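Before any comments, here is the structure.
Numbering (my numbering), first residue to last: 2 to 324.
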């Protein structure tokens with residue numbers, strides 16, 4: 002991160018539910034090597050996070066085995082208060098799926114030859130979640146109707162221009178909070194490469210969040226269909242974005258975003274299907290693996306990354322922020 006190693010450090014250890022593999026979980030979160038918000042160099046995950054009134058850059062590494070994992074969290078340059086540490090732990094629990102118990106998924110996979118091979122290949126990956134529902138929905142808007150590579154580039158620019166810089170490393174920026182974007186003018190966001198409509202959606206979403214009308218806890222209490230319907234009432238959020246938010250924002254492991262063309266293509270290749278799958282077809286195929294369809298979604302993402310040669314890329318230097 003460009004941090005002076007001679008400065009004071011503060012670190013602590015977290016023990017995720019086993020099995021756990023940090024690199025697989027981080028790749029499931031970041032999706033592309035160009036991601037400059039969730040960064041990975043082959044050994045260390047780092048990110049800037051808002052922590053109790055300040056923004057700090059932190060680094061995470063794994064020690065021990067996947068069956069007896071330990072994560073060391075280091076926040077260079079500061080002595081962490083208990084309040085900031087508590088906030089960091091809460092954020093990492095979501096981002097890195099530290100408390101997810103996938104024993105039920107592994108039991109299901111053990112009795113299914115097809116799923117069993119996939120689950121064993123990526124054993125230890127945990128389902129990540131964005132830090133907030135707001136962050137998840139902005140990610141979805143950025144990636145609508147463009148390639149994932151373009152969507153990630155737009156998110157990098159949004160963070161570099163609107164996210165707060167880390168106090169202990171000003172070169173690193175957090176993902177923008179609602180208050181960072183609520184007062185923005187659409188032209189400011191358009192200037193980063195977003196369409197006018199997407200810029201308006203993002204600003205409108207930020208204002209909804211600032212006004213307290215983006216209530217993740219209330220949505221979490223609803224059945225899937227109702228929660229999706231509520232999310233689709235937000236301007237700019239269609240079925241794909243809503244289901245994406247259900248999985249990556251609310252942690253609904255039974256949701257496989259059926260309108261995700263890339264995910265459907267991965268599913269077709271994995272199952273060696275000759276005909277493309279539509280929304281209904283995806284859900285028919287996934288029925289046998291419920292309530293873990295969303296975990297299959299993440300495993301297929303990793304399979305695609307592995308096939309493309311990206312999974313083991315040590316790309317810390319390639320995650321440049323475009324201003």
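Even for Gly, the Cβ is constructed at its ideal location relative to N, Cα and C.
All of these numbers come straight from a predicted model, not from anything done at the bench.
Which of helix, strand or coil does DSSP assign to residue 181?
-> Here residue 181 refers to the residue found at position 180 of the chain shown. Correct three-state label for residue 181: helix.
Which residue's Cα is closest to the Cα of residue 1: 232, 81 and 261?
-> Within the shown structure, residues of the chain are numbered from 2 to 324, placing residue 1 beyond reach of any answer.
For residue 23, the three-state DSSP class (helix, strand or coil) | For the purposes of this step, residue 23 is taken as residue 22 along the chain shown, with counting starting at 1. Looking at residue 23 - three-state DSSP - the assignment turns out to be helix.
With 16 as the cutoff for other CB atoms within 10 Å, does residue 16 come out buried or exposed?
-> Here residue 16 refers to the residue found at position 15 when the chain shown is read from its first residue. Flag for residue 16 reads exposed.
Which runs of the alpha helix (DSSP H) fall wholly inside the region 205 to 235 and span at least 4 residues, in chain order?
-> 217 to 221 and 225 to 232
Coil, strand or helix - residue 293 by DSSP = Residue 293 sits at position 292 when you count from the first residue of the chain shown. Reduced to three states, the DSSP call for residue 293 is coil.
Can you list, in chain order, the residues of its chain whose CB lies under 6 Å from that of residue 191, leaving out five sequence neighbours each side?
-> The sequence position of residue 191 within the chain shown is 190, counting from 1. If we look at residue 191 and ignore the five residues flanking it on each side, its Cβ neighbours are 197 and 200.
In terms of residue numbering, what span does the alpha helix (DSSP H) encompassing residue 187 cover?
-> For the purposes of this step, residue 187 is identified with residue 186 of the chain shown, where counting begins at 1. Segment 187 to 191, the alpha helix (DSSP H) holding residue 187.
Exposed or buried, residue 127, counting other C-beta atoms within 10 Å across all chains shown (16 or more means buried)?
-> Within the chain shown, the letter at position 126 stands for residue 127. Burial call: buried.
Roughly how many angstroms separate the alpha carbons of residue 6 and residue 170, rounded to a whole number?
-> Residue mapping note: residue 6 aligns to position 5 of the chain shown, counting from 1. Residue mapping note: residue 170 aligns to position 169 of the chain shown, counting from 1. Note that residue 6 scores a pLDDT of 41, beneath 50, so its modelled location is shaky and nothing firm can be said.
Could you pull the start and end residues of the beta strand (DSSP E) that residue 53 belongs to?
-> As a working note, residue 53 is residue 52 in the chain shown. No beta strand (DSSP E) contains residue 53, which DSSP labels as neither H nor E.
Contained alpha helix (DSSP H) runs [length at least 4] in the region 91 to 122, N- to C-terminal order = 104 to 111 and 114 to 122
What does a CB cutoff of less than 7 Å around residue 292 pick up in its chain, not counting 5 residues either side in sequence?
-> In the chain shown, residue 292 corresponds to position 291, counting from 1. Cβ-Cβ distances below 7 Å link residue 292 to 254 and 255 in the same chain, with the five nearest sequence neighbours on each side left out; the list follows chain order.
Give the single residue among 212, 69, 276 and 281 whose Cα lies nearest to the Cα of residue 182.
-> Counting from one through the chain shown, the residue named residue 182 turns up at place 181. The candidate whose alpha carbon is nearest that of residue 182 is 212.
Helix or strand or just coil, what does DSSP make of residue 6?
-> For the purposes of this step, residue 6 is identified with residue 5 of the chain shown, where counting begins at 1. Note that residue 6 has pLDDT 41, beneath the 50 cutoff, so the model's placement of it is unreliable and the number below is only indicative. Looking at residue 6 - three-state DSSP - the assignment turns out to be coil, as it is neither helix nor strand.
What do you get for residue 218, buried or exposed, if any count of 16 or more other CB atoms within 10 angstroms of its CB means buried?
-> What you label residue 218 is simply residue 217 of the chain shown in a count that begins at 1. It is exposed - the Cβ of residue 218 has fewer than 16 other Cβ atoms within 10 Å.
Provide the residue(s) that pair with residue 137 in DSSP beta bridges, ordered along the chain.
-> Here residue 137 refers to the residue found at position 136 when the chain shown is read from its first residue. For residue 137, which the question treats as bridged, DSSP gives no partner whatsoever.
Is there contact here, the region 104 to 119 with the region 85 to 94, by at least three beta-carbon pairs under 8 Å?
-> no
Find the nearest neighbour of residue 165 within the set 312, 177 and 157, judged by alpha-carbon distance.
-> Within the chain shown, the letter at position 164 stands for residue 165. Checked all of 312, 177 and 157; the closest Cα to residue 165 is 177.
Find out if the Cβ-Cβ distance for the pair residue 305, residue 283 is shorter than 8 Å.
-> Your numbering for residue 305 matches position 304 in the chain shown. Your numbering for residue 283 matches position 282 in the chain shown. Not closer than 8 Å, so no.
Where residue 47 falls: helix, strand or coil (DSSP) = Within the chain shown, the letter at position 46 stands for residue 47. The three-state reading of DSSP puts residue 47 in strand, counting E and B together.
What is the rounded straight-line gap between the Cα of residue 242 and the Cα of residue 174?
-> As a working note, residue 242 is residue 241 in the chain shown. As a working note, residue 174 is residue 173 in the chain shown. Residue 242 and residue 174: Cα-Cα distance of roughly 25 Å.
Select from 86, 63 and 151 the residue whose C-alpha is nearest the C-alpha of residue 57.
-> For the purposes of this step, residue 57 is taken as the residue at position 56 of the chain shown. Checking every option, the nearest Cα to that of residue 57 belongs to 86.
Within 10 angstroms of the Cβ of residue 1, are there 16 or more other Cβ atoms? Answer buried if so, exposed if not.
-> Past the boundaries of the shown model lies residue 1; the chain is included only from 2 to 324, so the question cannot be answered.
Using CA coordinates, which residue listed in 33, 297 and 137 is at the minimum distance from residue 269?
-> The residue given as residue 269 occupies position 268 in the chain shown. Comparing Cα-Cα distances from residue 269 to each of 33, 297 and 137, the minimum goes to 297.
Residue 29 (DSSP reduced to helix, strand or coil) = Walking along the chain shown from the start, residue 29 turns up at place 28. It is helical.
Mapping DSSP to helix, strand and coil, what is residue 299?
-> Position 298 of the chain shown holds residue 299. Under the three-state reduction of DSSP, residue 299 is assigned to helix.
Entirely enclosed beta strand (DSSP E) segments - the region 226 to 287, minimum 3 residues | The region 226 to 287 contains no whole beta strand (DSSP E) run of 3 or more residues.
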